[in-house]
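**Student:** Residue numbers (the numbering used here), protein chains in the order written: chain A, 2 to 342; chain B, 26 to 526.
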Amino acid sequence: MTAVGLPGVTARRSSLDLVLRARELGIVLALALLVAVTAISNPRFLSAQSIRDILLGTAILAVLAVGQAVVVITRNIDLSVGSVLGLSAFTVGTLLRDNPGLPVVVALLVGAGVGGVCGALNGVLVRYGNVPALVVTLGTLYVVRGITYFWAGGQQINADELPAGFLDFGNATLLSVPYLVLIALLVLVVTGLVLRNYRAGRELYAMGSSPQAAKLAGIAVGRRTVVAFLVSGALAGLAGVLFAARFGTIDAAAGTGYELNVVAAVVVGGVAVFGGSGSVWGAALGALLLTTIGSALAVLEINQFWQQAIVGGLILLAIGADRLVAARVAASLKKRGSHVS
Amino acid sequence: MATDTPVLRMRDVSKSFGAVAAVQNVSFDLYGGEAHALVGENGAGKSTLVKMLAGVHRPDSGSIELDGTPIELATPADAKAAGIAVIYQEPTLFPDLSVAENIAMGRQPLGRFKTIDRAAMHAQAEQLFARLGVSIAPNRPARGLSIADQQLVEIAKALSADARVVVMDEPTAALTGVEVERLFAVARSLRDDGAALVFISHRFEEITALCEKVTILRDGKHVSTDPLADLSVDEMVRRMVGRDLDALFPKQDVTPGAVVLSVRGLRRDPVFADIDFEVRAGEIVALAGLVGSGRSEVVQSIFGVDPRDGGTVEVGGRKLKPGSPRAAMAAGVALVPEDRRQQGLLMELSIERNVTLPRSRALSQLGFLTGSSERRSAKEWTTRLKTKYGRLSDEVGTLSGGNQQKVVLAKWLSMAPKLLIVDEPTRGIDVGTKAEVHRLMSNLAAEGVAVLMVSSELPEVLGMADRVLVMREGRLVATLDRSEATEQSVMFAATGQEVTV
């Protein structure tokens, strides 16, 4: 039944889908252009090591961006992810230093757990405190970072203190794809499927699209909000473990300022800040684009400071493109609109 | 055709918001296969009743029974599960999601691994639209649909949920004639399939065209429930407004002076058009009409909060720049808006700061606002208006509704306006304060201020106004002098009934 129904449906969907996919397409094009230009100027950009670095960096940012996208789709924002990443990385680092025999899976779960607790706290504060998420998560950004600093007390965990198995996990590959990238892909695919194909996922879009209508439609808005923040927090915690595995050296400042990169990736990736639209695929592509830009600038020997200006310009471009596309789509939908003339 | 036992009964339900009793001991029964009209003036409690059925508000007392068993409608989800679908005047769709998804939200057909079966979802939407005889593409997003189409999507939603009770809260307010007919055809087929229909409208011809029974509400109380055939339109109007008009309105007789406000051909698409009128010094002119007829929009456009698409506004013989509240204020226009919490006051600021806000420049010395001059001015005006407060430095949000309204008035009166525009000046305030606000308006008119008042309360309109301008659907449909204006004549003009009593 599904197989029979699909072709007709996809045929009709295609024209509108193209408009909605335009963003993803635009990022892919920008990415291709960037890679081409950089590679021509310096072929070393396409060396295995360079590509590996980009993918590892993207993996961590993409896990954060997927979580952020879930929250932004519900018309909220989570600014605490950088701090949560730091706390999780430091927790897992300490744990592994003291218990070298601990399996990697346990480390991943502990990290996700620590993040999940922070995320749930955010969610509960947003839901019951009736305070905008921007304010709540700005608060927890500082609180969580403060706790990490207090706990670390200036000490740092070095790579030689961590068990070799854990560091191997940060470098090992399966069919020459790093484990970190595989984990990020797994997170991306699972979250993408849930958001697209499950009732709970669609309800997140509905909440962001119109909070009022969501309430009237009987959606458990409060509970879903908490869950969205929990997911974002847990993924930030997971990203903390990946961070620890990749760099090996962890201090209390790990992940400082990441939240802005993450929000930038999500916005550039086409997740509307007013909620209700966008996808985790776009967010992950945004993470890939931003990481690649950082890497390309280094290879091109352009001052790193330009990176910030370029990212800022991209955000403005993305928002401008959103407005333009939205206006175009609205106009075409109106024209197609009422069949009563 | 109708069932013998009621599908849904509301028994003695009451609901208060703070001190305001919105609904008091209202009972009525809904039968399957029957369309039931709910009529009453603005503020009679219709919307509150609807929200209780929708699970948005919980009744303070009384009970709701479905098929004879009492049910609790604590959340909209409960109402949905009970088979009650509500279609609001402003449809509540998700603009970013597809039409099919809007219809199926929460009940999407599931396939393998509990994933949403999109093909089935689209087929379901297509079936529903075929049944309704409309052609809306299920895959398009809800954004950009006309209000009429959005309402049809809402009805499709109700159909897909097998709703047994369908409530329509003024669904026709924004529709054209053709669209209304199509909606009614759909509503009739719903009713013939056995659904109980609740229909709210201000248009009597629609009620008679669709409904079998009518329940009349007034001031939150149940007046009567009758078969529509037993009731003439005149009688319905009389029961809706039937209130003793003996409340004292201290309107002083003033000989009108020069023209202060002159509005010519004012137009804002698609809200209103062809608005022509004048207000003279010392005159109180009321702008009457139903909610949504465009009254507030007209005054907002005059003041410049909203833009205008055509026409001129002159104050004291000089043309006002469109879209500039600053220019309007400079010309001596003051607007006391309808929603004082949102538009009239800064709730977190002190009383004195609120009162002196529009004149903060005039009261400051060398660019600094000095506390003493601010306090002196605020004190003078709050005393004149007999405002009750603890200290001038208290937050405005801590005052009662009536006193808040006085602070808004004080704020604008302290500017000594030539033209005072008040939008719903006494909504939600108690009788005593109401009388004070009325006396104040009358005094101002006597001092030569031109007053333009938007009000949904007929006694206030009739008691205060020298002239009543009646609006319907964005047009000025009648200008009634004080001598001609009665509850009936205003109501008939506002609802489009040409019958005279």
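Cβ coordinates follow ideal geometry from the N, Cα and C atoms, glycine included.
Please list the residues of the stretch 187-215 of chain A that have a C-beta atom closer than 7 Å to any C-beta atom in chain B, keeping them in chain order.
**Tutor:** Those residues of the stretch 187-215 of chain A that come within reach of chain B (Cβ to Cβ, closer than 7 Å) are ASN198, TYR199, ARG200, ARG203, TYR206, ALA207, SER210, SER211, GLN213 and ALA214.
**Student:** What do you get for GLY154(A), buried or exposed, if any count of 16 or more other CB atoms within 10 angstroms of its CB means buried?
**Tutor:** That one is exposed.
**Student:** At a Cβ threshold of 9 Å, is SER280(A) touching chain B?
**Tutor:** For SER280(A), the answer is no, since every Cβ of chain B falls outside 9 Å of its Cβ.
**Student:** Would you please verify whether the beta carbon of GLY241(A) is less than 9 Å from any beta carbon of chain B?
**Tutor:** It does not; no Cβ of chain B falls within 9 Å.
**Student:** Under three-state DSSP, which class holds MET35(B)?
**Tutor:** MET35(B): strand per DSSP, three-state reduction.
**Student:** Verify the CB distance criterion: does LYS71(B) have a CB-CB separation below 9 Å to chain A?
**Tutor:** It does not: the Cβ of LYS71(B) has no partner Cβ on chain A nearer than 9 Å.
**Student:** Between VAL124(B) and MET193(B), what straight-line distance do the alpha-carbon atoms span, to the nearest angstrom?
**Tutor:** Roughly 20 Å separates the two Cα atoms.
**Student:** Please list the residues of the stretch 110-131 of chain B that have a C-beta atom closer than 7 Å to any C-beta atom in chain A, keeping them in chain order.
**Tutor:** Taking 7 Å as the Cβ-Cβ cut-off against chain A, the residues of the stretch 110-131 of chain B that qualify are THR117, LEU118, PHE119, PRO120, ASP121, LEU122, GLU126, MET130 and GLY131.
**Student:** Which value, in whole angstroms, describes the spacing of the CA atoms of GLU405(B) and LYS459(B)?
**Tutor:** Cα-Cα distance, rounded: 21 Å.
**Student:** Do you know whose CA, among ASP174(B), VAL203(B), THR73(B) and ALA220(B), lies nearest ARG189(B)'s CA?
**Tutor:** Among ASP174(B), VAL203(B), THR73(B) and ALA220(B), the Cα nearest to that of ARG189(B) belongs to ALA220(B).
**Student:** Provide the residue(s) that pair with ILE300(B) in DSSP beta bridges, ordered along the chain.
**Tutor:** For ILE300(B), which the question treats as bridged, DSSP gives the partners LEU291(B).
**Student:** Alpha carbons only, please: which of LEU26(A), VAL132(A), LEU301(A) and ALA63(A) is nearest the one belonging to LEU238(A)?
**Tutor:** A small correction: the amino acid at residue 238(A) is Gly; Leu does not occupy that position in the sequence shown. Minimum Cα distance to GLY238(A) is reached at ALA63(A).
**Student:** Should LEU222(B) and LEU235(B) be called a contact, given that it needs their Cβ atoms to be closer than 9 Å?
**Tutor:** Yes.
**Student:** Check the Cβ-Cβ distances between LEU325(A) and every residue of chain B, and say whether any is below 9 Å.
**Tutor:** Cβ-Cβ to chain B under 9 Å: no for LEU325(A).
**Student:** Identify every run of the beta strand (DSSP E) within the stretch 469-501 of chain B, keeping only runs that are complete inside it and at least 3 residues long; order them along the chain.
**Tutor:** Whole beta strand (DSSP E) segments, 3+ residues: 475-479 and 492-497.
**Student:** With DSSP as the reference, please indicate the residues paired to LYS246(B) in a beta bridge.
**Tutor:** Answer is GLN49(B) and ARG243(B).
**Student:** At which residues does the beta strand (DSSP E) containing ALA221(B) begin and terminate?
**Tutor:** Note, ALA221(B): beta strand (DSSP E), 221-225.
**Student:** Assuming LEU243(A) and ILE184(A) form a contact by the criterion Cβ under 8 Å, report the distance between their Cβ atoms to the nearest whole angstrom.
**Tutor:** Right, the Cβ-Cβ distance comes to about 7 Å (below 8 Å), so this counts as a contact.
**Student:** Do we get a CB-CB distance below 9 Å when we pair LYS40(B) with the residues of chain A?
**Tutor:** So no, LYS40(B) is outside the interface.
**Student:** Name the chain A residues that come within less than 8 Å of LYS246(B), Cβ to Cβ?
**Tutor:** Per Cβ cutoff of 8 Å: no residues; LYS246(B) is ~27 Å from chain A at best.
**Student:** For ALA253(A), count the other beta carbons within 10 Å of its own beta carbon; 16 or more makes it buried, fewer makes it exposed. Which is it?
**Tutor:** When all chains shown are included, ALA253(A) counts as buried.
**Student:** Using a threshold of 8 Å, is the CB atom of HIS82(B) nearer than that to any non-hydrogen atom of the ligand MG?
**Tutor:** Ligands in the displayed structure: none, and consequently the ligand MG is not present.
**Student:** From the beta carbon of ARG187(B), is the nearest beta carbon of chain A less than 9 Å away?
**Tutor:** Contrary to the premise, residue 187(B) reads as Asp rather than Arg in this sequence. No - not a single Cβ of chain A is within 9 Å of the one on ASP187(B).
**Student:** Return yes when the Cβ of VAL191(A) is within less than 9 Å of the Cβ of LEU56(A), no when it is not.
**Tutor:** It is not a contact, given that the beta carbons lie outside the stated cut-off.
**Student:** At a Cβ threshold of 9 Å, is ASP217(B) touching chain A?
**Tutor:** It does not; no Cβ of chain A falls within 9 Å.
**Student:** Closest to VAL462(B) by CA distance: which of ALA183(B), GLY415(B) and THR407(B) is it?
**Tutor:** Comparing Cα-Cα distances from VAL462(B) to each of ALA183(B), GLY415(B) and THR407(B), the minimum goes to THR407(B).
**Student:** Determine the closest residue to LEU253(B) out of ARG464(B), GLU59(B) and LEU74(B), with distance taken between C-alpha atoms.
**Tutor:** Among ARG464(B), GLU59(B) and LEU74(B), the Cα nearest to that of LEU253(B) is on GLU59(B).
**Student:** Please compile the residues from chain B whose C-beta is within a distance smaller than 9 Å of the C-beta of ILE220(A).
**Tutor:** PRO101, ALA102, MET130 and GLY131, listed in chain order.
**Student:** Could you give the first and the last residue of the continuous alpha helix (DSSP H) run that contains ILE180(B)?
**Tutor:** Here the alpha helix (DSSP H) through ILE180(B) covers 172-185.
**Student:** Which of the residues in the stretch 259-287 of chain A, read from start to end, lie with their CB under 7 Å from any CB of chain B?
**Tutor:** The residues in question are GLY277 and SER278.
**Student:** Exposed or buried, PHE230(A), counting other C-beta atoms within 10 Å across all chains shown (16 or more means buried)?
**Tutor:** It counts as buried.
**Student:** Please look up how many angstroms separate the CB atoms of VAL515(B) and LEU483(B), rounded, as I've assumed it's under 8 Å.
**Tutor:** About 6 Å; that satisfies the 8 Å criterion.
**Student:** Could you confirm whether any beta carbon from chain B is found closer than 9 Å to the beta carbon of LEU88(A)?
**Tutor:** No - not a single Cβ of chain B is within 9 Å of the one on LEU88(A).
**Student:** Which residues bound the alpha helix (DSSP H) around SER210(A)?
**Tutor:** That run of the alpha helix (DSSP H) goes 200-210.
**Student:** Look at the alpha carbon of VAL526(B) and the alpha carbon of ASP506(B), and state the distance between them as a whole number of angstroms.
**Tutor:** Caution applies to VAL526(B), whose pLDDT of 37 falls short of 50 and renders its modelled position unreliable; the model cannot decide the point.
**Student:** Can at least three beta-carbon pairs, one atom from the stretch 245-264 of chain A and one from the stretch 69-83 of chain A, be found at a separation below 8 Å?
**Tutor:** The answer is yes - the stretch 69-83 of chain A touches the stretch 245-264 of chain A, with three or more Cβ pairs under 8 Å.
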